[in-house]
Structures are given as structure tokens and as C-alpha cells.
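Numbering-wise, our numbering puts 349 at position 303 of the sequence shown, and it's gapless, one number per residue.
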Amino acid sequence: MSESADLVVVGAGPAGMSAAATALAGGLRVALVDSGTAVGGQFWRHPPEHARQSIPTEDLHHALPEYRALCHALSAARAAGRLDLRLAHHVWSAVREDDGFAVHVVDRRQAPREIALALRAPKLLVATGAYDRQLPFPGWDLPGVLTIGGLQALLKGGGVAAGNRVALGGTGPFLLPVAAGLAARGVEVVTVCEAAHPAAWLRHPGPLLRNPRKWAEGAGYAAALARHRIRVRPRTAIVGAQGHDRVTSVRIASLTSDGRPRPGTERHVAVDAVGVGWGFAPQLDLLVPLGCALTDSADGNAVVAVDRGQRTTVAGLYAAGETCGVGGAALAVGEGRLAAESVLADSGAAPVLRRRQLAAVRSAVTGQRAFARALALAHPIPAAWSSWLTDETVVCRCEEVTAGAVRTARAEDGAPDHRQIKQLTRAGMGWCQGRMCGPAVQCLAAQQRSYEPAERLVATPVTLGALAGLDELDDIDDLDDLDDLKE
Ligand SMILES: Cc1cc2nc3c(=O)[nH]c(=O)nc-3n(C[C@H](O)[C@H](O)[C@H](O)COP(=O)(O)OP(=O)(O)OC[C@H]3O[C@@H](n4cnc5c(N)ncnc54)[C@H](O)[C@@H]3O)c2cc1C
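So this is what it looks like as C-alpha cells:
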């Protein structure tokens, strides 16, 4: 079954929502697809519609007026029949076709049953966001050790606190809202280990001074943490987790300037859950196979290269939000608007924003990108993080490949990057296809280059039954036939 629109937007997070709303305001017919059950993405993650009354999460959110305005615009366009909103639909592949794109989707609203379909449009906008970047450490595969994004998603999406006594670690300002959110739900946040030192920010005064709202946000979290007596320990890391059936304690240590544990500083802290995050890695699954150029970003990730109007190097293909570099929700919203304005211009439609408004959005995006760059430089991955690993530490959890096996592949077989290490050890060949271990394996290969994900032709596992149904569904032309097929 195939549907068409003027524009397909993949990802209904802040970037995709604002792009879709702008394109709709400009008169285009839009298909907006997201694998989640509600719009909002990671930043505005909410419980499913039917559970919102019983699971209050509003106090965990920021910028809700903007979210509500975008929801309102999307609902109005949907009611007018110009927005085709596809929630619980996962895009597994996007390919060029004639003068446009075919976006292959599995409808998972009745999971485990899957229905495959294709959406077609002359223009495609990819706003698939990012996922938590992880570094392995001894014990990171114990139950109760989560990513900080995972802790936050449980909290915002289900009102669930993953533990009663939680330690957080990693680097970056995202540790702060997660600590504040957990504390607001009565969780004892026993420690927040920040690997970077705050003094690193002083090396980038320009972007800091030009983004006072970010300071205000940071000050708000600092006040919340102080209220709950949560201590943030700079230049400290969680270097191990212990427990039998699940985590019962973590080992924390002060770090030297290159990230090695300072001798004599290690100590154990009793916990029942742990959250760790080392920034985010952009979700480029759909963009890499389409052939768009990538570029380096300051945080060690390859990101999609875009021009000032969010056009990729592939004609008709646009990107916005964290696929273009990790920088927060406000930046994602601005980039979504810019991308949609480019789609309108390239489709011959009139702009939605007036010239001065467009210039203001551009200037805000430039300022926020500079801030994101300063943030990445102030919160790097510690150079010597791999000194925390023993040879027995599992690096690739799907295929159970250890740090020792990766080191051997590098030292004895001369594997230069994560791709060759994958061929020699199977690291990255499992269910997650290297999303979890890829950045770490790249670091272990001692590569200075940014982490560039391998090309994955299928972005999410899709059943053969759904694919077989795609051919049959392409041949049917009325709903009675569809009912016959279902039986
Ligand atoms: C787990 C997690 C939690 C986060 N929580 C916060 C937070 O609480 N506060 C904060 O300031 N920042 C948070 N962030 C950072 C946050 O991602 C950004 O600031 C902001 O949400 C980026 O907006 P975006 O639109 O670029 O991407 P996202 O918000 O990530 O939206 C991308 C959307 O694309 C969808 N998608 C991805 N791939 C596909 C596909 N193949 N098919 C269909 N749909 C797809 C996803 O379901 C998602 O809804 C979080 C990040 C992560 C990874």
C-alpha cells in the first residue's frame, strides 16, 4: 500500500514537529512518521495518550507552550486532511525513486503483527534525532545499569523511577535534568560523577555569553540539585559496577586530567540503579545509505553535512535536529523551521516566515550551534577512559565480545577501525548493529577520526511476513481485498 504527499518528515521530535508545522503552514501536504506512540521525540516524551491523566509528568518538562502550539498546528492540519500522521510506524529504509523518495515503513500499531507500506514524496526530511553514547566499564552489563537517556525516558514516558538509590555518571549537562527529575520523584540521587572540570567552560567565553538562556537553565538545575542536597563531583567517573543478579554498588574514582583513575581515590557507593551517559550519537541510519555527505562535529561524532537551509548534499533531501549535531531541543526546533522553509522554496511555494523572522531564526541557530560546539569541547570523552577496562570487560553486548578481543584485533591483526574490528571479532554484528558499542570500539581502535556509523540498509528489523505483504498489498486496490488478505 503506497501513499503520497509533498513531503515526508521522519521523526516527530522537536525538529520534525516544527518542520512539519511550517511546511503545512506553507500549504504542503505532509506525511509525518514516528516509531513512537506520541509526538514529541525525546525532549517532549510523554506517556501514551490514554495514560496521561494517571501519570502526571508535566513538571518534568520545559518549553511546553511551544510543544502545545506545535501539537495544535499539527492537529488542525490533520483535521483538515493535509497531515498524514503515522505514529508507531518505523521507517526501515528510504531510497531514491524517480524524482523523489520511497520511504519504507512498518506499521507496528498492532504489534507483534507488522504491516509494511511505502510513503512516496518528491521531498524527504530526516529528523531522527540521536541516542545515548555509551562507554563500557566493568559491570556495565549488570541489570540496573542504564543509560541516563533511558532513565529519563522511563520517567517521562511512564512515570517510572528505575531505582530508589541512584548514581549518575558520564559527562555533559544532561546529567542535571535527569538528577533533578529523579529527585523530584523521591529518588535518592547519591552522586553525580561529571568527568569534565567546570573550568573547561572558561576556554569558550564567547558562546557562553551569547546564550544567557542556557545559563538560566543551568542555574535552575543547580538550584534544584542544591534543594535535594545532590552533589555533583567534577572530574570523577563511575569506573565499575558490582552485584550478582543486579547492581548493588558502583566504584567511583577521581580522574587525572587525561581521565585515568587517580590512585587511592576509588571508593564504593551502595546503589540499586545506575545511569551513565557520554553525550549522544546522531541517528544516521536512513541518511548514510542515501549517500549524503557527512562531516565531523566537535564531540567526536560524524553528522550529516547541511547548508544554511538544512539541505543535505542529496537533492530533495533535508535534515534537521540532532542528525546534524547534538545541540538541544531549541536548536532542533529552529533547524526544523529552516529546513521546511527550504522545502517550500525548492518546491516553488511561498515562504511562511518573513525575511526578518527568517534572519532571526538563522541567527539563533548559529548561536545555538556555537554553544553546542563549546559544550562538546568542554565535555570531551576522557582520553584514557579505556584504562578503566579489564580484558574481560564485555564491549559488544549483543555478540559478547570483550575488550581483550578488540585489543588483540587491533594490536596483533592491525585492524585500524571499528569496521575491521567488526569483521575480525563480530563486535557490532548483533541486534543493535553497533549502535551501542560502535563509538567505543572506534576509540579502542585508537582512531582520532570521528565515529562514522557503518551503512545499514535496514534501519530496524522487519519481518519477512511484512515484506511479503508489501508485494501483495501493492496489488490490491480496495479494502475488501485487504480484508481477504488479512484472513
Ligand atoms: C533517550 C534520550 C532522552 C533525552 N531526554 C532529554 C531531556 O529530557 N531533555 C533534553 O534537554 N534533552 C534530552 N535529550 C536530547 C534530545 O534528544 C534533544 O535535545 C531533542 O529532543 C532533539 O530533537 P530532535 O527532533 O532532533 O530528535 P528527537 O527528539 O530524538 O526525535 C527524533 C524522533 O525520530 C524518531 N525516529 C528515529 N528513527 C526513526 C525511524 N527509523 N522511523 C521512525 N521514527 C524514527 C524517534 O522515535 C524520535 O521521536 C534526550 C536524548 C535521548 C537520546
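Glycine included, every Cβ here is placed at the ideal spot set by N, Cα and C.
Between the alpha carbons of Leu78 and Ala365 lies a gap of roughly 14 Å. Distance from the CA of Pro93 to the CA of Cys117, rounded to the nearest whole angstrom, comes to 15 Å.
In the DSSP assignment, Gly286 forms a beta bridge with Arg297. In terms of Cα proximity to Leu221, the closest of Gly204, Phe183, Ala283 is Ala283.
Taking one beta carbon from each stretch, the segment 202 to 217 and the segment 302 to 310 have fewer than 3 pairs nearer than 8 Å; the two do not touch. Taken through DSSP and simplified to helix, strand or coil, Leu423 comes out as helix. For Val452, the enclosing alpha helix (DSSP H) stretches over residues 449 to 457. Taking the Cβ of Tyr267 as the reference point, every heavy atom of ligand 1 lies at 8 Å or farther away. Rounded to the nearest whole angstrom, the CA to CA distance from Ala287 to Val349 is 32 Å.
Each residue's CA atom was taken as its position, placing Gln329 and Thr68 some 23 Å apart. If you look at Ala162, you'll find it isn't in any alpha helix (DSSP H); it sits in the beta strand (DSSP E) that goes 161 to 167. Note that the C-beta distance between Arg502 and Pro335 is below 9 Å. Rounded to the nearest whole angstrom, the C-alpha separation of Arg155 and Ala461 is 43 Å. According to DSSP, residue pairing for Cys338 in a beta bridge does not occur. The bridge partners DSSP lists for Asp144 come to none. In this structure, Gly380 is the residue among Leu423, His314, Val85, Gly380 with its C-alpha nearest to the C-alpha of Ala406.
Per DSSP, the continuous alpha helix (DSSP H) segment holding Arg259 begins and ends at 258 to 273. For Ala378, the shortest separation between its Cβ and any heavy atom of ligand 1 lies below 8 Å. Cβ atoms of His150 and Ala424 stay farther apart than 8 Å, at about 40 Å. Across the set Arg453, Pro499, Thr454, Arg456, the C-alpha of Pro499 shows the shortest separation from the C-alpha of Gly474. Annotation: Gly323 is outside any alpha helix (DSSP H); the continuous beta strand (DSSP E) that includes it extends over 319 to 324. When the beta-carbon positions are compared, Leu214 and Val235 come within less than 9 Å of each other. Excluding residues up to 5 positions away in sequence, Thr471 lie with their Cβ nearer than 7 Å to the Cβ of Ala451 in the same chain. Inter-residue distance for Ala262 and Gln414 is about 15 Å (C-alpha atoms, whole angstroms). Of all C-beta pairs linking the segment 223 to 242 to the segment 185 to 205, three or more are shorter than 8 Å, placing the two stretches in contact. When distances are taken from the beta-carbon of Asp105 to the heavy atoms of ligand 1, even the shortest one reaches 8 Å or more. Contact annotation: the segment 371 to 391 touches the segment 56 to 68, with at least three C-beta pairs closer than 8 Å.
Per the C-alpha coordinates, the member of Arg273, Leu254, Arg357 positioned closest to Gly232 is Arg273.
The closest heavy atom of ligand 1 lies 8 Å or more from the beta carbon of Trp247.
The secondary-structure analysis by DSSP pairs His314 across a beta bridge with Arg297. Your pair Glu240 and Arg279 checks out as a contact, with CB atoms roughly 7 Å apart and the cut at 8 Å.
Under the three-state reduction of DSSP output, Trp138 falls in the strand class. Of all alpha-carbon atoms in Leu333, Ala164, Thr174, the one lying nearest the alpha-carbon of Leu516 is that of Ala164. Closest by C-alpha distance to Pro223, out of Val487, Phe89, Met482, is Phe89. Cβ contact annotation for Glu104 (same chain, cutoff 6 Å, sequence separation greater than five): none. For the pair Ala245 and Ser121, the Cα-to-Cα distance works out to about 46 Å.
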